[in-house]
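**Q** Protein chains in written order, with my numbering: chain A, 472 to 763; chain B, 1434 to 1840; chain C, -15 to 321.
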Amino acid sequence: MELFTNQILAGISTGAIYACLALAVVMIYQAIDHLNFAQGEMAMFSTFISWQLMQWGIPYWVAFVITIAFSFAAGIAIERVLFRPLAKAPILTNVAGFIALYSIINSSAGLIWDFTIKQYPTPFGSAPFLGSQLISTHQAGMIGVTLLLLVALYVFFQYTRVGLAMRAAASLPESARLVGINTSWMIALGWGMAAAIGAIAGILIAPVVFLEPNMMLGTLIYGFAAAVLGGLTSPFGAVVGGFLVGIFENLAGTYIPYAGNELKLPIALALIVSILVVKPAGLFGRHIVKRV
Amino acid sequence: MHFRHSLHAAVLAAAIAGFVSSTAFAQKKYDNGVTDTEIRIGNIMPYSGPASAYGVIGKTEAAYFNKINAEGGINGRKINFISYDDAYSPPKAVEQARRLVENDEVLLIFNSLGTPSNSAIEKYMNAKKVPQLFVATGASKWNNPMDFPWTMGWQPSYQAEAHIYAAYLLKEKPGGKIAVLFQDDDFGKDYIKGLKDALGPQASMIVAVESYETSEPSIDDHIVKFKAAGADVFLSVTTPKFAAQAIKRAAEIDWHPLQIVVNVSSSVGAVMKPAGFENSQGILSANYAKDAADPQWDNDPGMKKFVDFMAQYYADGNKLDAATVFGYGAAQTLVQVLKHCGDDLTRDNVMKQAASLKDFQPDTLLPGITINTSPADFAPIKQLQMMRFKGEKWDMFGDIMSGDLTH
Amino acid sequence: MSAVEDVATQAPAVEAVPKRAMTLGAGTSLMVLALLLIVPLFVKNFIIFQMTMLLIYGVAVLALNILTGGSGQFSLGQSAFYAIGAYTSAILMEQYDVNYALTLPVAGVVCFAAGFLFGQPALRLSGVYLALATFALATAMPQLLKLGYFEKWTGGVQGLVVTKPDAPFGLHMSQDVWLYYFTLVITVAIYIFSVNLLRSRSGRAFMAIRDNEIAASAMGVDVALYKTLAFGVSAGITGVAGGLGAIAVQFVAPDSYTINFAIALFLGMVVGGVGWLPGSFIGSAFIIFVPNIAENISKGLSGAVFGVLLFLVIFLMPHGARQIAVVGQQLLGRLRK
Chain A
472 MELFTNQILA GISTGAIYAC LALAVVMIYQ AIDHLNFAQG EMAMFSTFIS
522 WQLMQWGIPY WVAFVITIAF SFAAGIAIER VLFRPLAKAP ILTNVAGFIA
572 LYSIINSSAG LIWDFTIKQY PTPFGSAPFL GSQLISTHQA GMIGVTLLLL
622 VALYVFFQYT RVGLAMRAAA SLPESARLVG INTSWMIALG WGMAAAIGAI
672 AGILIAPVVF LEPNMMLGTL IYGFAAAVLG GLTSPFGAVV GGFLVGIFEN
722 LAGTYIPYAG NELKLPIALA LIVSILVVKP AGLFGRHIVK RV
Chain B
1434 MHFRHSLHAA VLAAAIAGFV SSTAFAQKKY DNGVTDTEIR IGNIMPYSGP
1484 ASAYGVIGKT EAAYFNKINA EGGINGRKIN FISYDDAYSP PKAVEQARRL
1534 VENDEVLLIF NSLGTPSNSA IEKYMNAKKV PQLFVATGAS KWNNPMDFPW
1584 TMGWQPSYQA EAHIYAAYLL KEKPGGKIAV LFQDDDFGKD YIKGLKDALG
1634 PQASMIVAVE SYETSEPSID DHIVKFKAAG ADVFLSVTTP KFAAQAIKRA
1684 AEIDWHPLQI VVNVSSSVGA VMKPAGFENS QGILSANYAK DAADPQWDND
1734 PGMKKFVDFM AQYYADGNKL DAATVFGYGA AQTLVQVLKH CGDDLTRDNV
1784 MKQAASLKDF QPDTLLPGIT INTSPADFAP IKQLQMMRFK GEKWDMFGDI
1834 MSGDLTH
Chain C
-15 MSAVEDVATQ APAVEAVPKR AMTLGAGTSL MVLALLLIVP LFVKNFIIFQ
35 MTMLLIYGVA VLALNILTGG SGQFSLGQSA FYAIGAYTSA ILMEQYDVNY
85 ALTLPVAGVV CFAAGFLFGQ PALRLSGVYL ALATFALATA MPQLLKLGYF
135 EKWTGGVQGL VVTKPDAPFG LHMSQDVWLY YFTLVITVAI YIFSVNLLRS
185 RSGRAFMAIR DNEIAASAMG VDVALYKTLA FGVSAGITGV AGGLGAIAVQ
235 FVAPDSYTIN FAIALFLGMV VGGVGWLPGS FIGSAFIIFV PNIAENISKG
285 LSGAVFGVLL FLVIFLMPHG ARQIAVVGQQ LLGRLRK
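1) Identify whether Leu1717/B lies in helix, strand or coil by the three-state DSSP scheme.
2) Is any beta-carbon of chain B found at less than 8 Å from that of Gln590/A?
3) Pull up the distance between the alpha-carbon of Ser1454/B and that of Leu1541/B, whole angstroms please.
4) Mind checking Ser745/A: buried by the 16 CB within 10 Å criterion, or exposed?
5) Per DSSP, what kind of secondary structure is Leu688/A in: helix, strand or coil?
6) Could you tell me whether any Cβ in chain A is nearer than 8 Å to the Cβ of Pro1795/B?
7) Between Ala74/C and Leu128/C, is the Cβ-Cβ spacing less than 8 Å?
8) Does any CB atom of chain A fall closer than 8 Å to the CB of Pro1483/B?
9) If you run the structure through DSSP and keep just helix, strand and coil, what is Ser1835/B?
10) From Ile50/C to Gly546/A, what distance separates their C-alpha atoms?
11) Let me know the beta strand (DSSP E) ranges lying completely inside the region 1640 to 1714 of chain B, each 3 residues or longer, listed in chain order.
12) Anything in chain C within Cβ reach of Thr564/A, meaning under 7 Å, just list it in chain order.
13) Using a Cβ cut-off of 7 Å, pull out every chain B residue sitting near Tyr802/A, in sequence order please.
14) Look at the alpha carbon of Pro1578/B and the alpha carbon of Phe1811/B, and state the distance between them as a whole number of angstroms.
15) Distance, Cα to Cα, Phe1710/B vs Ala1719/B?
16) Assuming Gly287/C and Ser574/A form a contact by the criterion Cβ under 8 Å, report the distance between their Cβ atoms to the nearest whole angstrom.
17) My output table needs one value for Met35/C: the three-state DSSP class, helix, strand or coil.
18) Going along the chain, which residues of its own chain have a beta-carbon closer than 8 Å to the beta-carbon of Ile308/C, five neighbours each way excluded?
19) Flag this pair as yes or no: are the beta carbons of Gly11/C and Gly220/C separated by less than 8 Å?
20) Kindly confirm or deny that the region 71 to 86 of chain C and the region 211 to 228 of chain C touch, where touching means at least three C-beta pairs closer than 8 Å.
21) Give the range of the beta strand (DSSP E) segment to which Val1613/B is assigned.
22) Would you report the Cα separation of Ala237/C and Gly132/C, rounded to the nearest angstrom?
23) Mark Gly1831/B as exposed unless 16 or more other C-beta atoms lie within 10 angstroms of its C-beta, in which case mark it buried.
24) Please check if any C-beta of chain B sits within less than 8 Å of the C-beta of Asn685/A.
25) Using 10 angstroms around the beta-carbon of Tyr630/A, count the other beta-carbons present and answer buried if the total reaches 16, otherwise exposed.
26) Tell me whether Asn1782/B counts as near the ligand FAD, meaning its Cβ is closer than 7 Å to at least one heavy atom of that ligand.
27) Determine the DSSP secondary structure at Arg185/C, reduced to helix, strand or coil.
28) For Arg306/C, name the three-state secondary structure that DSSP assigns.
29) Look up Gln1565/B in the DSSP assignment and give the residues it is bridged to.
30) Go to Asp239/C, then tell me how far its beta strand (DSSP E) extends in each direction, as first and last residue.
31) Where Ile247/C and Met637/A are concerned, what is the direct C-alpha to C-alpha distance, given to the nearest angstrom?
32) From the DSSP secondary-structure annotation, give me the bridge partner or partners of Arg1821/B.
33) List the residues that DSSP assigns as beta-bridge partners of Gln127/C.
34) Give a yes or no on whether the minimum CB-CB distance between Ser412/A and chain B is below 8 Å.
35) In the DSSP output, which residue or residues are listed as bridge partners for Lys1378/B?
36) Just the chain A side, please: which residues come within less than 9 Å of Asn1751/B by C-beta, in chain order?
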């Protein structure tokens, strides 16, 4: 029983990592109706920028704010320069664009900062949390910040005009334009916000997994899976999905005999696919009704 | 009559002259990739993809060959080092090997990295009779001159290293409960085999074995399981990033087993420092090369040469990264082999010289560890010395051990 | 939970390609074929090897084109079927001494079954969800191949070395040249089969499903059957390509078939032109040669250079190489007048 609770707790702390990134994924999906493969790399690059700022002596929170602002601007810039020209191109071409962006960012980070891992500080410290040795204060802080982000996003989408405008632009672009919403800039805004959230995710994840250009490799898959599981239209679903994926993965690894440990990722993904088959829009996503 | 004699004499003289001059030309024998002024060496490294951290080895080697060329080359010939990226993908490695051998016509392929990539090209290299020299992987399969006479390893094999750890544990912690975390590929599996072989009947000391994939973001949950299983010995068969994660996590959950990290992850700069020096006290490992972070080698002539080389030829490089030390040592070994070839730079002779290294010590190997090969022994380095992490560096202890199974 | 109405007359992810434009004109096709037949006589073995790989990857991209361009199902999992085909061939050849040519139909059938089976749960998924499911399959495959349970057949992480066949009947050809012509024959056969498939009733059913699934089903197309059939056929063709790949590279290992390969195939399809079958080979050339070009330009930044080149291609030709072919055809038409 103790192992069971331990694994659940460990799953929640890994799940926080996935939940963070899943929020960024949902954000971009809300804006452009598709998944951006380069999301993880953008987050990684932002984290490196904050690391570099700290290497130059800038204190943690100042670097944090600068990085978020930079990421937001960079996200908008990338969208305007690279993806706006592709707006009329087929979706698959855009996906190829995401892959190209992934390649560029990953390779550049490798050249600038090389591939040795770097230690990344945490503002929350690494002591055991509430005496529990399974969750450190950093991980508790990570969960806290994720939940805070979630609330902020929820408020943004439900209660602000800009949030409403973004949702309108994503679901029915033509009608949104008719009402005076500049759909093109809504997309850019979505990119910027997704980049900023990604940066926060990266900054939270780096102390645990160590900072290096390939740090987001595995995490992104889990982030996608968590976002899809929770429903791509629901930030709340993304966070819940993240925790669920983390917990399930750990339990599968512990209790499924023989192959459970070697097949953690495939089993987690198989679970998600099966849930999707039953609930195609994810656990909390909005059900899309198609009309001819 | 006289005319006939003189004709005979002339023919004889011409024949003798021809014979003499042909033996004079026979002194210089070249295979593909060699001219009077150049030797072309091929290399395949993962400069992109998941294993890109090892690309540093290729860069160090390129810099080392630049240094050799600046100092006049080998027997008057400059080295043309052609290195291609295989992104750690075996089909790409096959393509690059074929490109090097058939397109660029190199003399040999040196220090290609990764067990999958080397496995993929082994058959081809042996069929084409091109040396696949000093491969950069510790899999034990490279010491097989009977079946693969053109393939040779360099570093101590992973199984040999595991034997040394097992011997240590049997002696120092005979009742221990061992937990092993290993990477799910041939690097990890080779260690497991070595450990189990060397523990023999005591293999029951192993109470927990977990594997992980490089795609996993973090291996924290495995550490949690180990603590729950009550293990008091932890063998971390991991690559640098995951080794650091394991060290950190074990400290966070207040689990203090006797921890052994494998040689690949014993780099101070790449593992111990990010993981936190305070978390790394008392960790054991083994090494065959000197660590540039260790001040005890500050006045060592060999290491001084290495540090000077880094400063002059590869200033961007990080001398604390064990990969640079590795590349330097391997490159120096190749230069030794090529020097011994003299003007007979055929592939046959290259393998012959490589298989007759006697007590050769590159600048960077620990004192007492030497390179020895023979036609039946294609494992250049077989010895390691154990070390314990204290303060901010590794303290060597014990004897130089060879990884042969003793029981 | 509120429902969101989605008007299904929005542009589909993959646009319709007029039937005739799915292939090259007869004249161009013959010219290309003649070129492919003659070139090996003049070049080194290494180039022949690369051309063989070009054909093999081209077939794999072709299969993806049928699936995505033909039936509109977005798949990032082709590397999994390629791996199954490669391992089937390798295991049959190395463990059971089956003749290499016979392993290919077996690989094809096994992968067809695998694809058909995978298509079943995939029926309910579309768009980005299907992409994720296929992505999951591609990521899972290397781990499945490493599984200890299968190790005695698959060789585990070490993989299997495959013996390259000699030319039959004692023909005086190098192994590379023989394999090239063998691959060429199979490629042409699969190409003709695919063209005919897409022009047939099944092909029309695929395209109807791609353009408007609900309308298609309203008109009596058995959507479930054709969607799984598309998956099956595509997987089967990819499996044959995988088998050929195993023979050409002479080695199979889990690391050879990662998600990176699936992404590369996807890129090949986009660059070649989604739904345009001849473009598959242009796409395949892109994924084989452009990384080498990028490496030549800059070793440290090879990934970034590749990304930049990819961007250039998709900016200039958002619809892939088909655009160039269309422009070329228009020019030719104007010249004729």
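Virtual Cβ for every residue (Gly too), placed ideally from N, Cα, C.
**A** Taking the coordinates as given:
1) strand
2) yes
3) With a pLDDT of only 46 at Ser1454/B, under the threshold of 50, the placement of this residue in the model should not be trusted; the figure read from the coordinates follows. Taking the straight line from one Cα to the other gives about 29 Å.
4) exposed
5) helix
6) no
7) no
8) yes
9) strand
10) 35 Å
11) For the region 1640 to 1714 of chain B, the continuous beta strand (DSSP E) assignments of 3+ residues that do not extend past its boundaries occur at 1666 to 1670, 1691 to 1694, in sequence order.
12) Going along chain C in sequence order, the residues near Thr564/A (Cβ under 7 Å) are Val254, Ile298, Pro302.
13) No answer is possible for residue 802/A: it lies beyond the span of chain A, which begins at 472 and ends at 763.
14) 6 Å
15) 18 Å
16) 5 Å
17) helix
18) Met301
19) no
20) Judged by Cβ distances under 8 Å, the region 71 to 86 of chain C makes contact with the region 211 to 228 of chain C, as three or more pairs qualify.
21) Under the DSSP assignment, Val1613/B falls in the beta strand (DSSP E) whose first and last residues are 1611 to 1616.
22) 14 Å
23) exposed
24) So yes, Asn685/A belongs to the interface.
25) exposed
26) In terms of ligand content, the structure shown is empty, and the ligand FAD therefore cannot be addressed.
27) helix
28) Of the three classes helix, strand and coil, the one that applies to Arg306/C here is helix, per DSSP.
29) Ile1542/B, Thr1584/B
30) Here Asp239/C belongs to no beta strand (DSSP E), and DSSP marks it neither H nor E.
31) 30 Å
32) Leu1717/B, Asp1828/B
33) DSSP output for Gln127/C lists no bridge partner at all.
34) Residue 412/A lies beyond the range of chain A shown here (472 to 763); nothing can be said about it.
35) Given a span of 1434 to 1840 for chain B in the structure shown, any question on residue 1378/B remains unanswerable.
36) Asp585, Thr587
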